[in-house]
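The numbers in the numbering used here rise by one with no breaks, and the one at position 17 of the sequence shown is 17. Here the structure is laid out as structure tokens; the discussion comes afterwards.
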Amino acid sequence: MSATTAVSTAAEARRVRRYHLALIGVALVILTLSLVRVIAGTPDLTSSGTVAAALGLAVPIGLAGLGGLWAERAGVVNIGLEGMMVLGTWFAGWAGYQWGATAALIAGLIGGALGGLIHAVATVTFGVDHIISGVAINLLGPGVTRFLSEVLYREGTPASQAGAGITTSPTLASNPPRVSLPLLSSGPDWLGSLEAQRWFLLSDVAGILRGLTHQVSVMVILAVAMVPLSYFVLWRTAFGLRLRSCGENPWAAESLGVNVYLMKYIATMISGAFAGLGGVFLVFVTTKYVEGQTGGRGFIGLAAMIFGNWRPGGLAVGASLFGYADGLQLRSSQAVTGLFLFGALLLLVYAGTRIRALLTQDAAGHGGPGRYTAIALSALAAVVFLWLWLTVDDLPNEFVYITPHVLTLLVLSVASQRLRMPKADGVRYRRGEQH
């Protein structure tokens, strides 16, 4: 066997092992949620309604995160996702009330891409600091949309007669269709019947599957499909390799004939288009544009991308956790207290795995006293969460709102792997310069 074949085989084995570990992790999370649901008596933890709400809340965050992923893999830091998402919402609302869902989708993509183009001109062509340009986009987006609303939606215009105001557009002429799985999620609705039985694990799996397949918007299906599609394009095509090389070492890419400027422009405009697509989804949810409806989801998407280590799979997990936390607190305040028990169990599992790794390292002579810190902190946090679950019956509304986010950040921090951003992310590039 040649050295190249051996390396390829080893890489494939590692990839398969990661997939297996991911599937095992998903199974353990579902099993733990089912156990917590039975012990705490909180059916909303795995109900189809919670899962459907979580999916809807995760989609705009995930799309914004994908936008950040595309730009930063090409070496362009994009914290202007929020402003690009705002542009997407306004253009989707403006086109949607006149020509329907398809026009809203196209207009939202164009609006977000225009924001990406402005960011690319500033950072790639003129060398403006990426953070400053992103902040400017976040300020420009709401300002431009408010100006356009003042011009097009003021009193006396046709739009105002159709129900528009300075801060809102008329209702969309049409929304994208919704689909369900025959027999399983509609008609006889076998998954719904199984969920209603409240059996351990089986009902929980049925509730999760029904939430993912019952009356799902075509827009959600499109958004979810963007995650594997982005992975395929960026990691399995020559175009993706060239784009990622611009984020790792643009001077080396230039020496191999890659048009770095063009790649950065393309990536940043695609980034804006993804953010605009997230804005389109918000417009479809509310059936119209409403000023301020993004609610900081662009920033949350950026955080999910970083927690996901600049990879689509990790980003999807981060967005799902944020969406689940939001969906749960909207569905039931009592179920939020069940997250204390869930967090305690996860932390105990994490502490157990660290202890096992520590024992292995000690046996090999590689252990150290500093390695006990993470175990001690995890065990202490698990005890605190367990105590809160045992003593707190009903959380005040203020704590209900913040608790899921705190627990989500904790889980993401514990579960995240060692972060590695693209080496040339945010680096000013000039053709022909020596680096």
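C-beta atoms are modelled at their ideal positions from N, C-alpha and C, and glycine is treated no differently. Note that the structure is a prediction, hence the values are computed from the model and not measured.
Your pair Thr353 and Asn78 does not check out as a contact, with CB atoms roughly 35 Å apart and the cut at 8 Å. In the structure shown, Gly192 adopts helical secondary structure according to DSSP, grouped into three states.
The three-state secondary structure of Arg198, taken from DSSP, is coil.
The Cβ-Cβ distance between Val76 and Asp393 does not fall below 9 Å. Each of Lys288, Thr373, Phe307 and Asn175 was checked against the Cα of Leu69, and the nearest Cα belongs to Phe307.
The alpha-carbon separation between Trp389 and Ala304 amounts to approximately 27 Å. As summarised for the stretch 262 to 311, the continuous alpha helix (DSSP H) elements at least 4 residues long and confined to that stretch are 297 to 307, given in chain order.
Taking Leu347 as the centre and dropping the five residues before and after it, the same chain places the C-beta of Ser378, Ala381 and Ala382 closer than 6 Å to its C-beta, in chain order. Comparing C-alpha distances from Leu341 to each of Trp387, Asp189 and Leu114 shows the shortest one belongs to Trp387. Following the DSSP letters along the chain, one finds Leu256 in no alpha helix (DSSP H), marked with neither H nor E. Here DSSP, grouped into helix, strand and coil, assigns Thr168 to strand. With respect to the C-alpha of Ala196, the residue from Ala316, Arg210 and Gly187 having the closest C-alpha is Arg210. Within a 10 Å sphere around the beta-carbon of Arg244 sit 16 or more other beta-carbons, which makes this residue buried. Pairing Gly279 with Ala53 gives a Cβ-Cβ distance that is not under 9 Å. In the three-state reduction of the DSSP assignment, Pro182 falls in the strand class, which pools E and B. Leu229 sits exposed, since fewer than 16 C-beta atoms from the chains shown fall within 10 Å of its C-beta. Residue pairing by DSSP places Ser217 opposite Arg178 in a beta bridge.
Rounded to the nearest whole angstrom, the CA to CA distance from Val38 to Ser47 is 13 Å. Ranked by Cα distance from Ala113, the first of Ala275, Tyr372 and Phe299 is Ala275.
In the three-state scheme derived from DSSP, where H, G and I count as helix and E and B as strand, Ala58 is classed as helix.
DSSP places Leu419 in the coil class of the three-state scheme, outside both helix and strand. If you check the CB distance, Tyr401 and Gln293 do not come in under 9 Å.
Under the 10 Å beta carbon count, Gly41 is surrounded by fewer than 16 other beta carbons and is classified as exposed. For Glu82, the enclosing alpha helix (DSSP H) covers residues Leu81 to Trp99. Taking 9 Å as the cut-off, the Cβ atoms of Ser34 and Leu201 count as close. Annotated three-state conformation of Gly112 is helix, per DSSP. A direct Cα-to-Cα measurement between Val317 and Gly163 gives close to 39 Å.
Where Leu377 is concerned, the enclosing alpha helix (DSSP H) starts and stops at Tyr372 to Thr391. Within the same chain, no residue comes within 7 Å of Val384 by CB-CB distance, once the 5 residues on both sides are set aside. Ranked by Cα distance from Ser174, the first of Ala159, Thr286 and Val135 is Thr286. The three-state secondary structure of Asp425, taken from DSSP, is coil. Counting C-beta pairs with one atom in each stretch, the stretch 90 to 102 and the stretch 147 to 167 have three or more that are closer than 8 Å, which means they touch. Ranked by Cα distance from Leu282, the options Gly272, Gly295 and Ile270 are led by Gly295. In this structure the stretch 79 to 91 does not lie against the stretch 249 to 262, because fewer than three pairs of beta carbons, one per stretch, are closer than 8 Å. The three-state secondary structure of Asp129, taken from DSSP, is coil. With a beta-carbon spacing of about 16 Å, Arg18 and Trp310 fall beyond the 8 Å limit used to define contacts.
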